[in-house]
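One structure is given below, encoded as structure tokens.
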Amino acid sequence: MPNFHLNDEDLADYAAGRFAEPFAVLIASHLTLCPACRRAVAEFEALGGLAVETAPVMELTEGSLASIMARLDEIEPVEQDRTPSPADGEFRNFPAPLRRFVGPTTKWKKVMRGLEEAEIGTMRDGVKATLMRIAPGCAMPRHTHDGREMLIVLDGGYSDEIGTYDVGDVAVADPEVVHRPVADPVEGCLCFAVTDARVKLTGPIGRVLNLFIRY
Amino acid sequence: MATVSSPTTIEARQLALWLGRVADLRDRAAFVELFGHFAPRLKGYLVRLGCEIGTAEELVQDVMLTVWRRAESYDAAQAGVSTWIYTIARNRRIDRLRSERHPTIDPDDPLLVRDEAENALQGIETAEREHSLRSAIGRLPKEQAELLQMAFFEDRPHSGIAAATRLPLGTVKSRIRLALARLRRELGPDGSV
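Protein sequence lines, in the order shown, are assigned to chains A and B. Residue numbers for the first sequence follow the working numbering, so the first one is 1 and each next one is one higher. Residue numbers for the second sequence follow the working numbering, so the first one is 1001 and each next one is one higher.
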């Protein structure tokens, strides 16, 4: 079971449906691996149930019931859901919420020595969703974030000033956090990160790199 | 552990019974009962969240049609009927307003880590758990309950709550955090309320 979780507020916002989709997908991936957070979300969803139950009663316009009764026999439109295939290879161990967004078309791109990235899903409102693959033992430049970064470890792990992150662990960083992650010396690190602003490199080399890469 | 049955628990059982009849027997009369209970509440709920009347009506239709189609996926051990319907309404609303999908946890996902504490909760009916939630909210300090109301039931962003209550944003956040933590403490597996 994961050691690093989402806080109550984020779980409550998730239950209320307030996160942009990439963040929600990341949180749902953690929930798949974390029964404790899943239970918390269920409790917050029960708050929503209570909100419906205690909402002011507003009668529907006439004919509303009749029109829905007439639609009960309609054939349901088929959901365009991707089912994971063996071709998914390296993605087969992704939690289901994330698996929908990856597959043979996912393109890895080398960003710097020891770091490859693949952008996935849709980018909206400045939200960026990226898979990152860090080579074993490789250290990332020290960096901070303009906005918020949320990250989940999918394979291997990494350590930084705060702790050691393993599969399923979630790290939430904001502008106050400056860190220098180092991938697991044996397994490296495969993770999924969502940011709502770009990352700023803060080390001396980082500052130069910042001019060249949008990372 | 179990609380004394109250009228609300009995009502919740009735709702589950109707939903069961829709799932098992495709019982239209039971569906009409569910519609009668939920449609006006859903409309009130959505309007309170800021939906226009027309949009709210369409969403209610959408939600109730999903209830009819997905009735057999309802799991009474996981959530009360109102909570299940709330999640459908939330997802339909996100779909409608933002053209996004709320991710779902796949119960058959081979990666899913099962809940060891589930056994501890099994003795308590979800209807009773949700009744406990109601009384737990009733016991929160007034200003915490109000903040939860605005954050969840009216879907206001924290900045909006800060403006409405003339509280600093940090205070709003910390009070919401306190209220959530307190609710969870009361509702934990041993939280015999």
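We put the CB at the ideal spot given by N, CA and C, even for glycine. Keep in mind it's a predicted model, so treat the numbers as computed, not measured.
- By the Cβ rule, the region 1085 to 1105 of chain B does not count as touching the region 64 to 71 of chain A, because fewer than three pairs are nearer than 8 Å.
- In the three-state reduction of the DSSP assignment, Cys34(A) falls in the coil class.
- The beta carbons of Ala28(A) and Pro97(A) sit about 4 Å from each other, so the pair counts as a contact at 8 Å.
- Distance from Val1172(B) to Ala1162(B) at the Cβ level is roughly 5 Å; contact confirmed, criterion being Cβ atoms closer than 8 Å.
- Nearest in C-alpha terms to Pro141(A), of all of Ala171(A), Val170(A) and Pro181(A), is Pro181(A).
- Annotated as distal: Arg113(A) and Leu190(A), with beta-carbon spacing of 7 Å or more.
- In this structure Ser1159(B) is not in contact with Leu1147(B), their Cβ atoms being roughly 13 Å apart against a cut-off of 8 Å.
- With its beta carbon less than 7 Å from one in chain A, Gln1061(B) belongs to the interface.
- Contact annotation for Thr32(A) against chain B: Ile1105, Asp1106, Asp1109, Leu1111, Leu1112 and Val1113 [CB-CB distance below 8 Å, chain order].
- Against chain A, the beta carbon of Gly1160(B) has no neighbour under 7 Å; the closest one sits roughly 12 Å away.
- Within the same chain, Cβ atoms closer than 8 Å to the Cβ of Arg1090(B) are found at His1102, the five residues on either side in sequence being excluded.
- Around the C-beta of Lys107(A), fewer than 16 other C-beta atoms lie within 10 Å, and the residue is accordingly described as exposed.
- Within the same chain, and ignoring the five residues on either side of Arg18(A) in sequence, no residue has its Cβ closer than 6 Å to its Cβ.
- Boundaries for His179(A): no beta strand (DSSP E) harbours it, and the DSSP string shows neither H nor E there.
- Residue burial annotation: Ile120(A) is buried, with at least 16 other C-beta atoms found within 10 angstroms of its C-beta.
- The beta-carbon distance between Glu1186(B) and Ala1136(B), rounded to whole angstroms, is 4 Å. This is short enough to meet the 8 Å contact definition.
- Taking 7 Å as the threshold, the shortest C-beta distance from Leu6(A) to chain B does not fall below it.
- Here the alpha carbons of Gly126(A) and Arg99(A) stand approximately 22 Å from one another.
- Rounded to the nearest angstrom, the gap between the Cα atoms of Arg1096(B) and Pro56(A) is 22 Å.
- The continuous alpha helix (DSSP H) containing Gly1160(B) extends over residues His1158 to Thr1165.
- The Cβ-Cβ distance between Met58(A) and Lys1043(B) falls below 7 Å.
- The alpha-carbon of Arg1048(B) is positioned some 46 Å away from that of Lys109(A).
- Under the Cβ distance rule, Met58(A) counts among the residues neighbouring chain B, one pair being separated by less than 7 Å.
- A check of alpha carbon separations from Arg1069(B) across Asp1108(B), Thr1055(B), Ala1079(B) and Phe1031(B) identifies Phe1031(B) as the nearest.
- Around Gly49(A), the beta-carbon contacts reaching into chain B at under 9 Å are Ala1079, Gly1080, Val1081, Ser1082, Thr1083, Trp1084, Ile1085, Tyr1086, Thr1087, Glu1130 and Leu1133.
- Checking the DSSP bridge columns, you'll see Ala139(A) partnered with Val182(A).
- With 16 or more other Cβ atoms from the protein chains shown falling within 10 Å of its own Cβ, Pro2(A) counts as buried.
- Val153(A) places its beta carbon less than 7 Å from that of Tyr165(A).
- Ala1016(B) and Leu11(A) have their C-alpha atoms some 26 Å from each other.
- Where Leu1178(B) is concerned, the enclosing alpha helix (DSSP H) starts and stops at Leu1169 to Leu1187.
- With a cutoff of 7 Å on beta-carbon distance, Glu45(A) and Ala20(A) are scored as not near each other.
- Here Gly168(A) carries a coil assignment [DSSP, helix/strand/coil].
- Shown here, Asp1095(B) sits in a helix according to DSSP, grouped into three states.
- Shortest Cα-Cα distance from Asp1115(B) to any of Lys128(A), Glu53(A), Pro35(A) and Thr144(A) involves Pro35(A).
- Taking 7 Å as the threshold, the shortest C-beta distance from Gly17(A) to chain B falls below it.
- Residues Ile134, Ala135, Pro136 and Gly156 of the same chain have their beta carbon placed closer than 6 Å to that of Gly188(A), with the five preceding and five following residues left out of the count.
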